[in-house]
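**Student:** The structure follows.
Residue numbers (the working numbering): 43 to 293.
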């Protein structure tokens, strides 16, 4: 089985109606139907219906950046999986490092969000990764395994296998730094080996994206690694030319 590569753009808290239309027009104009990889844009929730309209029949997938672990109720300001699905969402990020560090989301909560997404047909992208201090202390895989195991322990490996994993070294997000292809591959291979301890088939089929400042310059080398199945793209996803260049590298 060959894993289909996935290039996912995370727009974070950026854009307005006008700039999003320009961005989507630019991406669609340069999208090559011959590419085998899957393309995903994760937009701010308020713009999801607009993005779904802009996507049209292009085949681009649409995702959200966060969701509530609750199904419904008195949770002012929250957005449920059912709501995201209702307006055309197909994917959702869970546990992005900014959600963990800025908003105090722990791995138990992230696992609950992962499961909540699945209950409404959304594909969750589980973001995992270590800080610079943790990498220098040699605890990268201890941290990453703990973030993954939170899902497995609560819901099982079969549940985890229905989503996507994105390895995002926190020290390489928005800093201009990036792991070398060899460093990134080593962690991706370790993640897959860890999954294989629970279920070899799920380990083989699970897509693991690299999310540490992938850009047009380093994308080809990173995506050539055997266990890197795509990218979670931040800043470069806000510029059509750069995003398309990464998509092209994925082929």
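Glycine included, every Cβ here is placed at the ideal spot set by N, Cα and C. Remember, it's a predicted structure, so these values are computed and weren't measured experimentally.
1) In whole angstroms, what is the alpha-carbon distance linking residue 229 and residue 190?
2) Throw me the rounded Cβ distance for the residue 102 and residue 272 pair, which I believe falls under 8 Å.
3) What does residue 166 pair with, by DSSP beta-bridge criteria?
4) Give the DSSP-derived three-state secondary structure of residue 188 in the structure shown.
5) Leaving aside the five residues before and after residue 72 along the sequence, list all residues of the same chain whose C-beta is less than 6 Å from its C-beta, in chain order.
6) Taking residue 155 as the reference, which of 133, 175 and 173 has the closest Cα?
7) Could you give the residue range of the alpha helix (DSSP H) that holds residue 11?
8) Buried or exposed for residue 264, please, with buried defined as at least 16 other CB atoms from any protein chain shown within 10 angstroms of its CB.
9) When you compare each of 79, 203 and 276 to residue 243 by their alpha carbons, which one comes out closest?
10) Flag this pair as yes or no: are the beta carbons of residue 269 and residue 225 separated by less than 8 Å?
11) Thinking C-alpha only, which one of 196, 257 and 126 is nearest residue 217?
12) Opposite residue 82 in the DSSP bridges: which residues?
13) DSSP three-state call for residue 116: helix, strand or coil?
14) Near residue 149, which residues of its chain fall below 6 Å by C-beta distance, leaving aside the five closest residues on each side in sequence?
15) Does the stretch 172-187 come into contact with the stretch 108-125, if we say contact requires no fewer than three beta-carbon pairs (one atom in each stretch) closer than 8 Å?
16) Just checking my contact of residue 130 with residue 81 at CB under 8 Å: how many whole Å lie between their CB atoms?
17) Counting C-beta neighbours from all protein chains within 10 Å, is the total for residue 66 16 or more, i.e. buried, or is it exposed?
18) Name the DSSP beta bridge partners of residue 129, please?
19) Under the three-state reduction of DSSP, which class applies to residue 228: helix, strand or coil?
20) Confirm, please, whether the CB-CB distance from residue 274 to residue 208 is below 8 Å.
21) What span of residues does the beta strand (DSSP E) with residue 206 cover, start to end?
**Tutor:** In short:
1) 13 Å
2) Residue 102 to residue 272, Cβ: 14 Å. No contact.
3) 134
4) helix
5) 286
6) 133
7) Residue numbering for the chain in the displayed model covers 43 to 293; residue 11 lies beyond these limits and cannot be assessed.
8) buried
9) 203
10) no
11) 257
12) 50 and 103
13) coil
14) 189 and 192
15) no
16) Going by Cβ atoms, the distance from residue 130 to residue 81 rounds to 15 Å, so no, they are not a contact pair.
17) buried
18) Paired residues: none, contrary to the question.
19) helix
20) yes
21) 206-209
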